[in-house]
Amino acid sequence: MTAFLARNLKRKLVTLFLVTVVSFLIIHLAPGEPAQVDPLNPKFTPEMVERFRRAFHLDRPLPIQYVLFYRDLFTGRSVSWKDNRPVLEKIGERFLNSLPLFAAGTLLTWTLAFPLGIHAAVRRGGFFDRGTAFFAYGFISLPGFFFAYLLILLVVNTLAVPVLGMETYGFEDAPVLYRLNDRLWHLLLPAGLGSATGIAVLSRYVRSQMLEVIHQDYVRTARAKGLPEETVLYKHALRNALLPFLTMFGLLLPGLVGGSVIIESIFSWPGLGRLAYEAILARDYPVILTLNFIAAVLVLLGTLLSDLLYAAADPRIRLE
Amino acid sequence: MASANPGVLLAVEGLTVRFRREQESFHAVEGLDLTVRRGETVCLVGESGCGKTVTALSVMGLLPRPAAEIANGRIRFDGIDLAAGAADYPPGIRGRRLAMVFQEPLTSLNPVLSIGDQIAEGLSFHQGLCARRARERACELLAEVGLSRPEQRLSDYPHRLSGGERQRVMIAIALACGPELLIADEPTTALDVTVQAQILRLLRALKEKRDLSMLYITHDLGVVSRIAERVAVMYAGEGVETGPAEEILRRPLHPYSAALLDALPGRGKRGRRLAAVPGAVPHPAARPPGCAFHPRCPYAEPACRRERPALIPLPRARAVRCPVTAATLGGKDAGR
Amino acid sequence: MMDPAALAQADDVGQVQHRGRLWRTFRRNRPALAGFVFFCAFLVLAAIGAAVTSGREPLVDPGRVRLEERLRPPLSPARDGANPPFLGIYLLGTDDLGRDLFARMLEGAWVSLTVGFIAVGISVSLGILAGGIAGYYGRRLIRLRHAALALTLVAGTILGWSGHLPAGLLLVAAALWAGLGMRRRRQEKGRPRRPGLLDRPLIDIDGFLMRIVDILLCFPSFFLILTVVALLPPRMITIMAVIGLTSWEGTARFVRAEFLSLREREFVDAARALGVGDPGILFRHMLPNALGPVFVSATLGVASAILTESGLSFLGFGVPPPHATWGNLLADGRRFLFDAPWLTLAPGSAILAVVLSFNLFGEGLRDLLHPQAREGR
Numbered sequence: 024m025t026a027f028l029a030r031n032l033k034r035k036l037v038t039l040f041l042v043t044v045v046s047f048l049i050i051h052l053a054p055g056e057p058a059q060v061d062p063l064n065p066k067f068t069p070e071m072v073e074r075f076r077r078a079f080h081l082d083r084p085l086p087i088q089y090v091l092f093y094r095d096l097f098t099g100r101s102v103s104w105k106d107n108r109p110v111l112e113k114i115g116e117r118f119l120n121s122l123p124l125f126a127a128g129t130l131l132t133w134t135l136a137f138p139l140g141i142h143a144a145v146r147r148g149g150f151f152d153r154g155t156a157f158f159a160y161g162f163i164s165l166p167g168f169f170f171a172y173l174l175i176l177l178v179v180n181t182l183a184v185p186v187l188g189m190e191t192y193g194f195e196d197a198p199v200l201y202r203l204n205d206r207l208w209h210l211l212l213p214a215g216l217g218s219a220t221g222i223a224v225l226s227r228y229v230r231s232q233m234l235e236v237i238h239q240d241y242v243r244t245a246r247a248k249g250l251p252e253e254t255v256l257y258k259h260a261l262r263n264a265l266l267p268f269l270t271m272f273g274l275l276l277p278g279l280v281g282g283s284v285i286i287e288s289i290f291s292w293p294g295l296g297r298l299a300y301e302a303i304l305a306r307d308y309p310v311i312l313t314l315n316f317i318a319a320v321l322v323l324l325g326t327l328l329s330d331l332l333y334a335a336a337d338p339r340i341r342l343e
Numbered sequence: 068m069a070s071a072n073p074g075v076l077l078a079v080e081g082l083t084v085r086f087r088r089e090q091e092s093f094h095a096v097e098g099l100d101l102t103v104r105r106g107e108t109v110c111l112v113g114e115s116g117c118g119k120t121v122t123a124l125s126v127m128g129l130l131p132r133p134a135a136e137i138a139n140g141r142i143r144f145d146g147i148d149l150a151a152g153a154a155d156y157p158p159g160i161r162g163r164r165l166a167m168v169f170q171e172p173l174t175s176l177n178p179v180l181s182i183g184d185q186i187a188e189g190l191s192f193h194q195g196l197c198a199r200r201a202r203e204r205a206c207e208l209l210a211e212v213g214l215s216r217p218e219q220r221l222s223d224y225p226h227r228l229s230g231g232e233r234q235r236v237m238i239a240i241a242l243a244c245g246p247e248l249l250i251a252d253e254p255t256t257a258l259d260v261t262v263q264a265q266i267l268r269l270l271r272a273l274k275e276k277r278d279l280s281m282l283y284i285t286h287d288l289g290v291v292s293r294i295a296e297r298v299a300v301m302y303a304g305e306g307v308e309t310g311p312a313e314e315i316l317r318r319p320l321h322p323y324s325a326a327l328l329d330a331l332p333g334r335g336k337r338g339r340r341l342a343a344v345p346g347a348v349p350h351p352a353a354r355p356p357g358c359a360f361h362p363r364c365p366y367a368e369p370a371c372r373r374e375r376p377a378l379i380p381l382p383r384a385r386a387v388r389c390p391v392t393a394a395t396l397g398g399k400d401a402g403r
Numbered sequence: 009m010m011d012p013a014a015l016a017q018a019d020d021v022g023q024v025q026h027r028g029r030l031w032r033t034f035r036r037n038r039p040a041l042a043g044f045v046f047f048c049a050f051l052v053l054a055a056i057g058a059a060v061t062s063g064r065e066p067l068v069d070p071g072r073v074r075l076e077e078r079l080r081p082p083l084s085p086a087r088d089g090a091n092p093p094f095l096g097i098y099l100l101g102t103d104d105l106g107r108d109l110f111a112r113m114l115e116g117a118w119v120s121l122t123v124g125f126i127a128v129g130i131s132v133s134l135g136i137l138a139g140g141i142a143g144y145y146g147r148r149l150i151r152l153r154h155a156a157l158a159l160t161l162v163a164g165t166i167l168g169w170s171g172h173l174p175a176g177l178l179l180v181a182a183a184l185w186a187g188l189g190m191r192r193r194r195q196e197k198g199r200p201r202r203p204g205l206l207d208r209p210l211i212d213i214d215g216f217l218m219r220i221v222d223i224l225l226c227f228p229s230f231f232l233i234l235t236v237v238a239l240l241p242p243r244m245i246t247i248m249a250v251i252g253l254t255s256w257e258g259t260a261r262f263v264r265a266e267f268l269s270l271r272e273r274e275f276v277d278a279a280r281a282l283g284v285g286d287p288g289i290l291f292r293h294m295l296p297n298a299l300g301p302v303f304v305s306a307t308l309g310v311a312s313a314i315l316t317e318s319g320l321s322f323l324g325f326g327v328p329p330p331h332a333t334w335g336n337l338l339a340d341g342r343r344f345l346f347d348a349p350w351l352t353l354a355p356g357s358a359i360l361a362v363v364l365s366f367n368l369f370g371e372g373l374r375d376l377l378h379p380q381a382r383e384g385r
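Protein chains in written order, with this note's numbering: chain A, 24 to 343; chain B, 68 to 403; chain C, 9 to 385.
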């Protein structure tokens with residue numbers, strides 16, 4: 024176990040290092056320069072551009088830039104080129120905005136996808152199965168923002184429910200309960216939308232996993248014991264069908280950063296996805312690279328977590 | 068009729084099982100008759116694909132739905148009709164009075180549940196034992212099927228056990244609630260030869276001790292000679308010969324049974340080339356007209372190609388589905 | 009033991025006989041069949057669209073601006089007699105510049121399809137290449153000298169590209185010369201040399217490729233696509249290449265798994281026993297067997313590439329004008345969501361229908377290749 028962790032961590036650190044190199048190279052080798060040092064930008068005099076280049080080490084060779092950049096990142100000194108605010112502070116602020124959206128979306132996805140998928144597998148070929156399949160394919164095939172606009176059209180025209188932003192403007196002084204209610208309403212549409220595709224994909228996957236397991240010999244053994252069908256399905260089949268999803272549970276972590284650029288853009292939600300989008304537009308390298316670094320760490324942590332979860336849940340797996 | 072004969076525990080009459088796959092449909096078992104009396108071991112013999120396992124699953128009500136269904140016939144267990152349809156299989160029979168051991172011990176145990184759990188859950192459900200009592204009982208069962216260190220094995224998971232040990236666990240699960248009839252579907256086929264003998268010995272001992280009735284499915288006539296009191300031979304979904312084991316082994320009547328026996332190495336055959344049955348078992352969807360065995364039969368007559376022979380009852384509790392050899396009973400040694 | 013030649017043929021023959029049966033099974037899966045029919049109809053439509061909207065004097069002109077005909081709803085007759093649309097009515101209405109939406113959709117069909125197919129072509133070729141190498145040659149070792157060689161090459165290229173042309177060329181030439189030397193030495197059948205420092209094994213090929221996949225997985229894929237597309241000059245080929253380059257891991261993974269298992273199969277042994285060389289085994293015997301699942305994932309991949317393109321268009325990084333794709337029509341239409349909903353609804357429903365048909369067709373194929381999921385045993 025300890026040996027597994029040590030080896031795994033070493034491997035992941037190497038991967039992380041390579042990721043930092045690759046992302047640094049992608050950003051710096053791409054043609055074009057950040058707006059602040061673009062000599063064609065009329066807002067800047069050559070002196071200002073020169074000062075900027077020096078301040079951000081852009082006059083140094085690439086390897087040195089790399090070292091200096093990640094030194095700044097780890098010591099928390101890197102600042103956004105756009106507004107000179109510390110990168111970590113900006114990210115932290117947006118993260119807190121993204122968190123409720125992410126949490127609500129994930130909760131919706133996981134609580135709905137499993138019952139739907141299991142039910143469809145058990146009643147396979149029946150009305151429920153066909154119905155969920157129809158909707159699942161529909162959601163998977165819809166461009167997310169098209170669906171969002173359809174919903175907005177519907178909601179704005181029929182219900183008086185707030186849609187855009189995180190809260191209604193001018194509500195800052197309202198009583199706490201009012202504000203809470205307002206924010207929940209604002210959360211509803213983006214979270215529901217963000218999870219629609221997730222529910223569709225995950226429920227199909229749950230269904231096929233469940234169908235695969237239902238035909239295993241050990242399920243027949245459980246039936247031969249004369250156990251009630253519910254026990255057979257939910258104790259013997261489901262436990263085995265759920266194993267692969269533990270892996271996916273670990274892989275949820277990176278969603279914290281990847282977020283949904285599109286959903287956040289549609290609903291003017293000031294979250295991490297928007298931050299990334301704005302940073303890319305402005306070629307705000309420190310923000311882009313920091314977000315990328317955090318995402319990579321979360322991916323690697325997520326895979327480690329899912330390995331450990333899998334080993335805990337499946338007696339056949341031993342970590343060596 | 069079962070009621071007419073109080074000694075009969077399981078009576079299968081005219082069982083026909085239909086499989087549907089895509090657009091084709093065929094009978095995997097057709098018009099099978101089979102009886103198991105109390106305390107008796109009956110061997111169901113035939114090559115793979117002849118419908119033995121389907122028969123066993125029909126009795127257990129475990130046919131894969133919706134692909135397979137009982138199209139015709141009756142299955143009575145102690146006078147209770149089991150063939151009314153898989154959906155309303157009578158409660159309190161399966162796992163309690165009727166149990167089954169499967170062919171593949173490697174895949175028949177749930178990999179994520181401990182051995183103890185898997186034995187105890189039937190006990191808790193059928194006999195209402197509390198968790199602790201069920202666990203004690205599971206431990207006794209493991210000892211009974213000859214597993215060493217049973218207390219420790221209770222919390223082990225199946226992947227830690229060898230094939231033979233897993234099959235012992237499967238037997239323990241089957242015997243947990245004290246069934247009257249045990250169906251064993253080729254329980255030794257997937258195992259090493261030495262382990263096969265051990266499992267066979269175990270089953271025989273358990274049968275004596277618990278006064279079990281057993282329906283033992285095998286393709287191996289060597290096993291039949293060691294365990295069976297009566298034999299039913301199946302070919303392409305049909306029963307072709309039944310009778311006391313001794314009689315059939317000594318003097319098989321149906322040409323197919325004779326050919327099976329001939330293919331068996333044994334005393335008095337040393338140095339001779341073993342006979343193989345020419346040809347292969349037809350797929351049930353492509354069963355030839357007339358007697359299903361006629362393309363491979365050395366005694367086939369023109370009538371065999373046209374008319375499907377009926378099961379002909381013979382003296383000494385035997386029956387054979389072959390008019391040609393039935394006529395020679397008492398005459399020359401059929402088939403050898 | 010069967011004769012190896014017969015054995016090598018057996019799998020191929022079995023597959024041909026199987027085909028008629030597969031088609032019959034596929035036909036019974038009604039959603040998949042509908043998907044397939046729609047898929048073919050869409051191909052035909054896109055081809056017709058490309059034919060009638062291109063050229064100097066197109067039959068249907070998607071680029072014609074008629075400012076007096078702005079934002080006309082669908083099915084309205086043309087008021088401007090000089091430049092009549094197809095059949096004289098605006099079948100799907102007009103946009104804010106008075107361009108005929110129907111004509112734009114026809115043009116967009118072909119472009120969207122091109123984006124989807126080329127992106128998937130790139131991703132599938134990369135996936136087959138990487139997966140095939142990992143599966144077939146996976147156990148060969150990459151030694152220090154290989155790594156040194158590759159590093160020199162890359163360094164030379166970068167140097168040459170960034171302005172130090174002579175130094176770069178020198179490095180590339182040195183690397184090529186060393187590489188040729190290595191090749192020559194391997195072909196010589198001399199006495200075995202003592203392995204030196206440069207022969208130190210670093211990692212096997214399989215491990216190396218899996219590492220690359222590990223690294224790629226560390227980038228949230230839409231974020232990566234967005235970054236690259238935003239940094240590179242906006243061109244159609246960039247978008248297709250980036251979508252293709254970020255989506256090959258799945259294909260690579262199962263081609264690798266398939267090759268690993270096929271390599272142990274009898275018919276491959278038999279082919280090898282007959283003296284078939286590596287390329288013959290790979291392309292004639294192994295690849296055809298692995299193509300089924302590749303085809304499935306390619307079909308699903310086209311669907312997701314069309315969706316990704318529409319997402320990029322929404323963020324302003326899609327295929328740039330003057331090309332119309334369904335994605336950028338949809339993205340442009342949203343500005344008139346309340347005034348001219350047809351500008352959103354028409355391309356949106358078209359994307360939905362096409363992506364849905366690709367998905368249904370792909371899933372139907374998958375069911376066909378993976379029968380356990382289809383029928384109870």
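The beta-carbon is built from N, C-alpha and C at its ideal position, and this holds for glycine as well. These numbers come from a predicted model, not from an experiment.
Which residue comes first and which comes last in the alpha helix (DSSP H) that contains Met248 of chain C? Taken as a continuous stretch (DSSP letters only), the alpha helix (DSSP H) holding Met248 of chain C covers Met244 to Leu253.
Identified DSSP bridge partners for His94 of chain B: In the DSSP secondary-structure assignment, His94 of chain B is bridged to B:Arg85.
Where do the ends of the beta strand (DSSP E) carrying Asn139 of chain B lie? Going by DSSP, Asn139 of chain B is part of the beta strand (DSSP E) stretching over Ala135 to Phe144.
By DSSP, does Met43 of chain C sit in helix, in strand, or in coil? Residue 43 of chain C is actually Gly in this sequence, not Met. It is helical.
Would Thr307 of chain C and Phe369 of chain C qualify as a contact pair, given that the criterion is a beta-carbon distance under 8 Å? Yes.
Can you tell me whether Phe40 of chain A is buried or exposed, with buried defined as 16 or more other CB within 10 angstroms of its CB? Here Phe40 of chain A is exposed: its Cβ has fewer than 16 other Cβ atoms, across all protein chains shown, within 10 Å.
Rank B:Glu253, B:Cys244, B:Asp223 and B:Ala150 by C-alpha distance to the C-alpha of Thr120 of chain B and give the top, closest one. Closest in C-alpha terms to Thr120 of chain B, from the list B:Glu253, B:Cys244, B:Asp223 and B:Ala150, comes B:Glu253.
On the criterion of 16 or more Cβ atoms from any shown chain inside 10 Å, does Cys197 of chain B qualify as buried, or is it exposed? Around the beta-carbon of Cys197 of chain B, fewer than 16 other beta-carbon atoms lie within 10 Å, marking it exposed.
Would you call Lys33 of chain A buried or exposed, if buried means 16 or more other Cβ atoms sit within 10 Å of its Cβ? Counting of Cβ neighbours within 10 angstroms places Lys33 of chain A among the exposed residues, the total staying below 16.
Rounded to whole angstroms, how far is the Cβ of Leu313 of chain C from the Cβ of Val263 of chain C, which I believe are closer than 8 Å? Sequence check: residue 313 of chain C is Ala here, not Leu. About 19 Å separates the two Cβ atoms, so there is no contact after all.
Return no unless some Cβ of chain B is closer than 8 Å to the Cβ of Ala144 of chain A. Answer no: the Cβ-Cβ gap between Ala144 of chain A and chain B never drops below 8 Å.
Using a C-beta to C-beta distance shorter than 8 Å, which residues of chain A count as neighbours of Arg389 of chain C? With chain C represented from 9 up to 385, any question about residue 389 of chain C goes unanswered, as that position is not in the structure.
With a threshold of 8 Å between beta carbons, is Ser329 of chain A in contact with chain B? No, no contact with chain B.
Quick one: Cα of Arg343 of chain C to Cα of Ala175 of chain C, how far? If I take the Cα positions, the gap works out to 53 Å.
Figure out for me which residue from C:Pro328, C:Asp286 and C:Phe44 has the closest Cα to the Cα of Thr246 of chain C. Minimum Cα distance to Thr246 of chain C is reached at C:Pro328.
In its own chain, which residues sit with a C-beta less than 7 Å from the C-beta of Leu345 of chain C, not counting the 5 before and 5 after it? Excluding residues within five positions, the ones whose Cβ falls inside 7 Å are Thr352.
Run through DSSP, which three-state label would Tyr302 of chain B get? Strand at Tyr302 of chain B.
Are any of the Cβ atoms in chain A nearer than 8 Å to that of Gly356 of chain C? Among the CB atoms of chain A, one or more fall inside 8 Å of the CB of Gly356 of chain C.
Buried or exposed (CB count within 10 angstroms, at least 16 for buried), Trp104 of chain A: The residue is buried, with at least 16 neighbouring Cβ atoms inside 10 Å.
Which bits of chain A does Leu129 of chain B rub up against, with CB to CB less than 7 Å? Here the neighbours are Arg243, Arg246 and Ala247.
Does the region 144–163 of chain C come close enough to the region 173–191 of chain C to have 3 or more Cβ pairs within less than 8 Å? With the rule of 3 Cβ pairs closer than 8 Å, the region 144–163 of chain C counts as touching the region 173–191 of chain C.
Give me the chain A residues within the contact set of Arg104 of chain B, using Cβ-Cβ distance strictly less than 8 Å, ordered along the chain. By Cβ distance, chain A contributes nothing, its closest Cβ being about 23 Å from Arg104 of chain B, past 8 Å.
Which of the three DSSP states is assigned to Met167 of chain B in this structure? In the displayed model, Met167 of chain B falls within a strand according to three-state DSSP.
Is there at least one Cβ from chain B nearer than 8 Å to His259 of chain A's Cβ? By this cut-off, His259 of chain A is an interface position.
Alpha carbons only, please: which of B:Pro319, B:Leu129 and B:Arg85 is nearest the one belonging to Ala247 of chain A? The residue with the shortest Cα to Cα distance from Ala247 of chain A is B:Leu129.
For Ala299 of chain A, return the contacting residues in chain C, with the cut-off set at a CB-CB distance below 7 Å. For Ala299 of chain A, the C-beta contacts it makes with chain C under 7 Å involve Phe231, in order along the chain.
Runs of 3 residues minimum, wholly inside the region 96–142 of chain A: which ones carry the beta strand (DSSP E) assignment? You should have found no qualifying run.
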